[in-house]
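Take a look at the structure below.
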Amino acid sequence: MANPAIITVDDDPAVSRAVARDVRRRYGDRYRVVRADSGPAAMEALREIKLRGEQVAVMLADYRMPQMNGIQFLETAMDLFPTARRVLLTAYADTDAAIDAINIVDVDHYLLKPWNPPEEKLYPVMDGLLDAWLSTPASAEGDVRVVGHRWSAPSYKVRDFLARNLVPYRWVLADEPEGERLLSAAGLGPDAVPVVITPDGRSLATPAVGELAAHIGLSTTPASDFYDLVVVGAGPAGLGAAVYGASEGLRTVLIEQRATGGQAGQSSRIENYLGFPDGVSGAQLTERARRQALKFGAELITTCEAIGLAGGGSASRVLRVSDDSVIAAHTVVLATGVSYRKLSAPGLAELTGRGVFYGSAATEAPNCAGSEVYIVGGANSAGQAAVYFSRYARRVHMLIRGADLRQSMSQYLVEQIEAIDTIEVHPCTEVISGEGEDHLERLVLADASTGEKRTVRTSWLFVFIGAEPRTDWLSGVVQRDERGFVLTGADLLADGRRPVGWTLPRDPYHLESSMPGVFAAGDVRATSVKRVASAVGEGAMAVSLVHRYLEAQ
Numbered sequence: 013m014a015n016p017a018i019i020t021v022d023d024d025p026a027v028s029r030a031v032a033r034d035v036r037r038r039y040g041d042r043y044r045v046v047r048a049d050s051g052p053a054a055m056e057a058l059r060e061i062k063l064r065g066e067q068v069a070v071m072l073a074d075y076r077m078p079q080m081n082g083i084q085f086l087e088t089a090m091d092l093f094p095t096a097r098r099v100l101l102t103a104y105a106d107t108d109a110a111i112d113a114i115n116i117v118d119v120d121h122y123l124l125k126p127w128n129p130p131e132e133k134l135y136p137v138m139d140g141l142l143d144a145w146l147s148t149p150a151s152a153e154g155d156v157r158v159v160g161h162r163w164s165a166p167s168y169k170v171r172d173f174l175a176r177n178l179v180p181y182r183w184v185l186a187d188e189p190e191g192e193r194l195l196s197a198a199g200l201g202p203d204a205v206p207v208v209i210t211p212d213g214r215s216l217a218t219p220a221v222g223e224l225a226a227h228i229g230l231s232t233t234p235a236s237d238f239y240d241l242v243v244v245g246a247g248p249a250g251l252g253a254a255v256y257g258a259s260e261g262l263r264t265v266l267i268e269q270r271a272t273g274g275q276a277g278q279s280s281r282i283e284n285y286l287g288f289p290d291g292v293s294g295a296q297l298t299e300r301a302r303r304q305a306l307k308f309g310a311e312l313i314t315t316c317e318a319i320g321l322a323g324g325g326s327a328s329r330v331l332r333v334s335d336d337s338v339i340a341a342h343t344v345v346l347a348t349g350v351s352y353r354k355l356s357a358p359g360l361a362e363l364t365g366r367g368v369f370y371g372s373a374a375t376e377a378p379n380c381a382g383s384e385v386y387i388v389g390g391a392n393s394a395g396q397a398a399v400y401f402s403r404y405a406r407r408v409h410m411l412i413r414g415a416d417l418r419q420s421m422s423q424y425l426v427e428q429i430e431a432i433d434t435i436e437v438h439p440c441t442e443v444i445s446g447e448g449e450d451h452l453e454r455l456v457l458a459d460a461s462t463g464e465k466r467t468v469r470t471s472w473l474f475v476f477i478g479a480e481p482r483t484d485w486l487s488g489v490v491q492r493d494e495r496g497f498v499l500t501g502a503d504l505l506a507d508g509r510r511p512v513g514w515t516l517p518r519d520p521y522h523l524e525s526s527m528p529g530v531f532a533a534g535d536v537r538a539t540s541v542k543r544v545a546s547a548v549g550e551g552a553m554a555v556s557l558v559h560r561y562l563e564a565q
């Protein structure tokens with residue numbers, strides 16, 4: 013494998029050569045120094061490095077560059093290499109910009125130019141950054157390789173799991189020479205795909221997500237049998253509860269069925285979240301929150317699905333999980349979020365993962381280059397996806413049931429979409445059916461106002477409709493509304509009467525369910541505001557109510 017890369021970006025040729033020279037002089041024997049003269053050129057280099065399955069250790073970018081300044085470059089580059097250390101190169105007059113960069117893109121350091129002598133002003137900083145990068149798990153994991161077929165739903169499921177858990181991997185097609193060589197070396201045939209080859213050389217054929225998680229270094233079993241707080245679901249609400257619970261001294265475990273971030277974690281750009289004026293990707297926000305929770309001592313258990321909840325006496329609650337083990341705790345926060353509703357049109361179920369996707373499926377975006385992409389939905393998540401896919405696709409078609417995006421989407425996103433020529437909005441339009449052999453090839457659409465039908469050719473359909481709470485496993489345990497959302501607080505009171513089975517001499521707290529000590533936060537809670545900021549806030553509020561509950565016990 014090639015040495016890890018150090019990327020230097022500066023549009024001034026003389027400065028660019030000087031920066032690369034100084035870095036190469038000290039680190040050229042262990043790292044490959046890649047020099048670029050603009051942000052876009054550097055992004056092209058990063059994409060090539062990513063596709064080759066190689067690593068980037070440090071990125072140094074000059075602040076004042078045309079087209080894409082240093083902050084914009086570092087922010088965009090984080091999506092490709094979230095563990096790479098980030099340095100902004102500035103003049104003395106731009107120190108305010110460097111401070112802003114620390115808040116916006118989590119810059120690790122800024123350096124003032126010129127830095128002579130480098131032995132005093134450059135190398136000590138670089139040494140510290142490289143040591144920190146080498147100590148992170150991602151840089152030590154090496155190259156995970158996935159061998160599969162282009163239009164294989166199981167192959168997509170594996171790639172999506174790795175991407176959403178921010179695990180670097182290299183995708184190899186089974187019918188390409190390298191794929192054939194890897195399968196041959198593993199003693200497997202093309203029917204065994206997807207095959208995951210771990211950094212230590214193990215070959216996993218069609219692995220279950222639990223097996224895959226265990227081999228790539230994710231925790232899959234809790235370290236203890238009893239906690240102060242169990243948080244179910246690692247979306248914004250769950251991450252907020254885990255951060256505040258662990259930081260306030262509660263023994264906290266966060267369990268997640270698939271990957272941290274939930275629907276928000278799949279968002280390509282969140283621009284209305286407080287404190288991020290230039291926006292932040294869902295992956296970036298999720299990764300920071302995950303690191304924050306771990307820093308405070310919370311446990312994070314992946315591929316752990318909650319399947320049952322019961323009272324374990326007055327002082328505990330017992331959560332049963334998918335491997336038939338149990339986790340007991342004083343309190344529980346339900347933050348399981350919601351999932352996108354499935355389209356019921358004929359032909360789509362068979363093509364799911366083979367051209368039909370629910371959510372943004374960011375792993376597929378580069379494959380959409382030059383294609384016609386169709387997106388169903390008119391809320392913010394659909395709008396963010398349309399803007400993101402417009403970077404790759406020839407044209408993005410948004411299919412909405414209403415007459416106008418303004419009925420369901422934030423104004424800032426509506427304005428962005430109207431300014432992008434390659435996004436076309438089709439009002440009052442629905443999908444009637446999907447057709448194709450091994451993958452999606454055609455969609456039949458209908459105009460709801462006229463009934464007129466038409467067939468379009470496409471291999472890409474991304475669906476963002478409705479919200480279904482993941483609460484079937486709570487049936488008969490806590491009270492839910494007619495749609496399955498968990499009722500809490502005052503919503504549990506009927507004519508001033510407390511819920512059936514309520515044994516405490518007080519009304520339920522604001523976020524407390526009909527089972528004392530069990531709280532709900534975020535999208536899963538009835539009447540909640542479906543926004544990232546409110547979900548994080550409810551997660552934090554739930555912890556304050558957990559403290560109040562524990563003090564009364």
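Residues 13 to 565 (the numbering used here) are what the sequence shown spells out, left to right. Here a beta-carbon is modelled for each residue, glycine too, at the ideal position from N, C-alpha and C.
From tyrosine 521 to valine 255, what does the alpha carbon distance come to, in whole angstroms?
21 Å
Can you tell me the Cα-Cα spacing of valine 350 and arginine 537, whole angstroms?
10 Å
Considering arginine 454, what are the terminal residues of the beta strand (DSSP E) in which it resides?
454 to 459
Put histidine 227 into one of helix, strand or coil per three-state DSSP.
helix
Taking the beta carbon of isoleucine 19 as the centre, do at least 16 other beta carbons fall within 10 Å, making it buried, or is it exposed?
buried
When the Cβ atoms of the region 374 to 385 are set against those of the region 350 to 362, are three or more pairs found closer than 8 Å?
no
Hey, alanine 144 and glycine 250 are a contact pair by Cβ (cut 8 Å); roughly how many whole angstroms apart?
Not confirmed; about 27 Å, so no contact.
Counting Cβ pairs, one atom from each stretch, are 3 or more of them under 8 Å apart for the region 176 to 196 and the region 125 to 133?
no
Quick check: what's the CA-CA separation for leucine 486 versus glycine 320?
7 Å
Once you ignore the five residues that flank glycine 222 on each side, which residues in its own chain have a CB closer than 7 Å to its CB?
Thr232, Thr315
Where do the N-terminal and C-terminal ends of the beta strand (DSSP E) with alanine 17 fall, by residue?
17 to 21
Return no unless some Cβ of chain C is closer than 8 Å to the Cβ of threonine 218.
The question asks about chain C, but that chain is absent: this structure has only one protein chain.
Give a yes or no on contact between the region 295 to 311 and the region 196 to 214, applying the rule of three or more CB pairs nearer than 8 Å.
no
With DSSP run on the structure shown, which of helix, strand or coil describes leucine 124?
strand
My assumption, with CB atoms under 8 Å, is that aspartate 172 sits in contact with alanine 373. Please give the rounded CB distance.
7 Å
Limits of the beta strand (DSSP E) - the one that aspartate 172 falls within
That residue, aspartate 172, is in no beta strand (DSSP E); its alpha helix (DSSP H) goes 165 to 176.
Answer yes or no: do valine 244 and valine 345 have a C-beta to C-beta separation smaller than 8 Å?
yes
Quick check on the DSSP output: the alpha helix (DSSP H) that includes phenylalanine 401 runs from which residue to which?
392 to 401
Report yes or no: do the region 550 to 565 and the region 528 to 542 share at least 3 C-beta pairs separated by less than 8 Å?
yes
Report the rounded CA-to-CA distance for glutamate 563 versus proline 511, giving the unit in angstroms.
22 Å
For the putative contact between tyrosine 370 and tyrosine 352, defined by C-beta atoms under 8 Å, what is the C-beta separation to the nearest angstrom?
5 Å
Reference asparagine 177; option with closest CA among Thr95, Gly51, Pro481, Ala431
Thr95
Among Arg300, Leu124, Arg33, Arg413, nearest to glycine 247 - alpha-carbon criterion
Arg300
C-alpha gap between leucine 499 and alanine 271, whole angstroms:
26 Å
Any contact between the region 87 to 94 and the region 290 to 298? By contact I mean 3 or more CB pairs, one from each, below 8 Å.
yes
Check for me: the alpha helix (DSSP H) holding alanine 91 runs from which residue to which?
According to the sequence provided, residue 91 is aspartate. The question's alanine does not apply to it. That run of the alpha helix (DSSP H) goes 82 to 92.
Given this structure, state the Cα-to-Cα distance separating serine 556 from glycine 513, to the nearest angstrom.
24 Å
beta-carbon valine 385 near the ligand GTP non-hydrogen atom, thresh 7 Å:
Among the components of this structure there are no ligands whatsoever, and the ligand GTP is therefore not found.
Okay, do the region 210 to 225 and the region 160 to 175 touch, 3+ Cβ pairs below 8 Å being the bar?
yes
One question on the structure: do serine 356 and alanine 391 come within less than 8 Å of each other, judged by their Cβ atoms?
no
My guess is that arginine 454 and threonine 467 are in contact by the Cβ rule of under 8 Å, so how many angstroms apart are they, rounded?
6 Å
Between the alpha carbons of alanine 502 and lysine 542, how many angstroms are there, rounded?
19 Å
Threonine 364 versus glycine 508 - alpha carbon distance:
47 Å
Who are the near neighbours of leucine 200 in its chain, counting only those whose CB is closer than 8 Å to its CB and skipping five residues on each side?
Val207, Ser215, Ala217
Cβ of alanine 220 within 8 Å of Cβ of arginine 366?
no
Inter-residue CB distance, proline 202 and leucine 195 (contact presumed, cutoff 8 Å):
7 Å
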